[in-house]
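Below is one structure; the comments refer to it alone.
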Amino acid sequence: MESKTETADSQYKKMTETPVGKLIISLGVPTVVSMLITNIYNMADSYFVSKISLSAGGAPSIVFGVMAILQAFGFMFGHGSGSHISRLLGAKHNEQASRFASTGFFWAVFVGFLIMIGGLIFIDPLMRLLGSTDTILPYAVDYCTFILIAAPAMTGSCVLNNILRYEGKAALAMIGLTTGGILNMALDPLFIFAFDMGISGAGLATALSQYISFGILLSMFLLKKTQSRISPRFVAREFSTVGNIVLTGLPSLARQGLNSASTMVMNAQAKPFGDAAIAAMGYVGRTSSLIFSIGLGIGQGFQPVLGFNYGAKKYSRVRKGTWFTLGLGMLSIGVIAAGCFAFAPQIISLFRDEAEVVEIGSEALRIQCVFLLFFPASMVVNMLFQSIGKSIPALVLSCLQSGLIFIPLCVVLARFWGIKGIETAQPLAYFITALISLPCMIVFLRHLPKDE
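Per the numbering used here, the sequence shown starts with residue 130, numbered consecutively.
What follows is the structure, given as structure tokens:
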């Protein structure tokens, strides 16, 4: 009992006394590595699948909508429970933290199971709803079948990963995520080409790696390497706990859900331009995700620092952490985006070298790279509000960033400007959301009280 208390006290001291910049970097680096590996193996899926055929190369772009739905619920329960956990640990209420951890985890696995069953039953109409053409459909169905089989592992892993991060144990989360990602990259060519499984091999590789990653993350809790515990006996029976998790995690559900809707709208707008346009925009999306995963990783290193110190009423550290994360995120993304801008045609041609794919993809990627510099502003403000339990402003900003601005822009610009309108819609949405988010952040920080 004494050793547990000492561990909790040392973790509390680390989170509330270590210099803010140093702490955010130490927690952000493992998360950046995790997100880079995750995005690289997503790109590896697209790369290896694209070698099958042009139509097969468009399948991951369609199935991404399903993965976004799974992540939406996983992050809702993960961020919803994690935000409470970091603040409870900051206030030294460890028993209550375990209630939120267990409740969020088991609900996420249950919802993942429901999505798996419903998705497998209605898989053909689901793929068409997400924008599949007749030629892409058989590939999308084969690939998505395995993604749906892995649904409970994907939603459960989101919760486990986020709890570890919010506890300030990002390195443990990194072990589980990177192991699964590296395994997936190794299995892709083996299953697709050596075993001649085609796109089904890519799906099987993803499903296996997701379950292995899930097992590694869960073992961190079973081996008691965390302060909060995962056990059925800690699951809250009253609805108020579940309601608090859902309310706090609602911005994540909205963000990821609108990402799925945005993908569906973009694919629908790109459909008249053929499989090449759908595939090209999918490759741009994968590459862009890799770029802003740097900013997201830094931001996710910021979240537990924010939650702990807000719960401990050390508001000066909240201010310092917010400005530090914004500056570091813009610098990091700016450097990488500049490199991607310079080599955009070469990056797209790694997937497919058809002239139409490279032309559409490289132009869209360069526009993205210019406007990605504004992404950290909306990201930091959203994480700020969600981590301290201000669900309504976090929800509004999430919706603006993830779809409420992009979707109408995509439809209108595609109508009047064709494929160039589709290429421009998302970057323009980043810029507009940043203009709205920054004043909200400045006003909030100015009104924070002095430290207690």
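Note that the Cβ used here is the ideal one computed from N, Cα and C, for glycine as well.
Query, Result
"Through-space distance from L218 to T134, alpha-carbon basis", "No answer about T134 holds up, because its pLDDT of 49 lies below 50 and its placement is not dependable."
"As assigned by DSSP and simplified to three states, the class of K221", "coil"
"Chain-order list of residues whose beta-carbon lies under 7 angstroms from that of G327 (same chain, five-residue window excluded)", "I181 and I321"
"As assigned by DSSP and simplified to three states, the class of T274", "helix"
"Test item: CB-CB of A197 and T355 under 9 angstroms", "no"
"Exposure label - R472; buried when at least 16 CB within 10 Å", "The displayed chain sequence assigns Phe, not Arg, to residue 472. With fewer than 16 Cβ atoms within 10 Å of its Cβ, F472 is classed as exposed."
"Beta-carbon proximity list for S582, same chain, < 6 angstroms, skipping 5 on both sides", "With the chain covering 130 to 581 only, the question about residue 582 has no answer from this structure."
"Sufficient close CB pairs (3 or more, under 8 angstroms) joining the segment 459-472 to the segment 415-422", "yes"
"Whole-Å CB distance - G310 paired with T167, under 8 angstroms assumed", "5 angstroms"
"Beta-carbon proximity check, Y559 vs G490, cutoff 9 angstroms", "no"
"Contact under 9 angstroms by Cβ, A554 with Q385", "no"
"Inter-residue CB distance, S215 and G436 (contact presumed, cutoff 8 angstroms)", "3 angstroms"
"Buried versus exposed call for Q475 [16 or more other C-beta atoms within 10 Å across all chains shown]", "exposed"
"Nearest residue (CA-CA) to L533, options V364, F204, L337 and S389", "S389"
"Span separating the alpha-carbon of M130 from that of L199", "Below a pLDDT of 50, predicted positions are generally treated as unreliable, and M130, at 42, falls in that range; the measurement from the model is reported next regardless. In a straight line, the C-alpha of M130 is about 38 angstroms away from that of L199."
"Meets three-Cβ-pair contact criterion under 8 angstroms: the segment 243-255 and the segment 154-171", "no"
"C-alpha distance - S445 paired with G297, whole-angstrom precision", "19 angstroms"
"Residue span of the alpha helix (DSSP H) that contains M512, given as start and end", "F504 to S516"
"Minimum C-alpha distance to E70 - residue among F514, I548 and L524", "Any property of residue 70 remains undetermined from this structure, which presents the chain solely from 130 to 581."
"From D482, G463 and P522, residue whose alpha carbon lies closest to that of S497", "The sequence given here has Gln at residue 497, not Ser. Ranking D482, G463 and P522 by Cα distance to Q497 puts G463 first."
"For K298, three-class secondary structure by DSSP", "coil"
"CA-to-CA distance, F535 to T274, given in whole angstroms", "29 angstroms"
"Which of helix, strand or coil DSSP assigns to Q356", "coil"
"Identity of the residue in I521, E488, G424 and T335 nearest L502 by Cα", "G424"
"Length-filtered (4 minimum) alpha helix (DSSP H) runs lying within the segment 209-270", "223-250 and 252-258"
"Limits of the alpha helix (DSSP H) - the one that G403 falls within", "Taken as a continuous stretch (DSSP letters only), G403 belongs to no alpha helix (DSSP H), as it is neither H nor E."
"Which listed residue (K400, D317, K449 and G285) has its alpha carbon closest to that of I359", "G285"
"Three-state secondary structure assigned by DSSP to V364", "coil"
"Rounded separation between D580 and E146 - CA only", "13 angstroms"
"Distance CB(F480)-CB(S179) smaller than 9 angstroms", "yes"
"Cβ pair count under 8 angstroms reaching 3, the segment 300-314 against the segment 139-154", "no"
"Inter-residue spacing [alpha-carbon to alpha-carbon] between V540 and K400", "12 angstroms"
"3-residue-minimum beta strand (DSSP E) runs that sit fully inside the segment 406-470, ordered along the chain", "none"
"As assigned by DSSP and simplified to three states, the class of D325", "coil"
"Alpha-carbon to alpha-carbon, F177 and G550", "29 angstroms"
"Cβ-based neighbour list, R495, same chain, cut-off 6 angstroms, excluding 5 preceding and 5 following", "F470 and A473"
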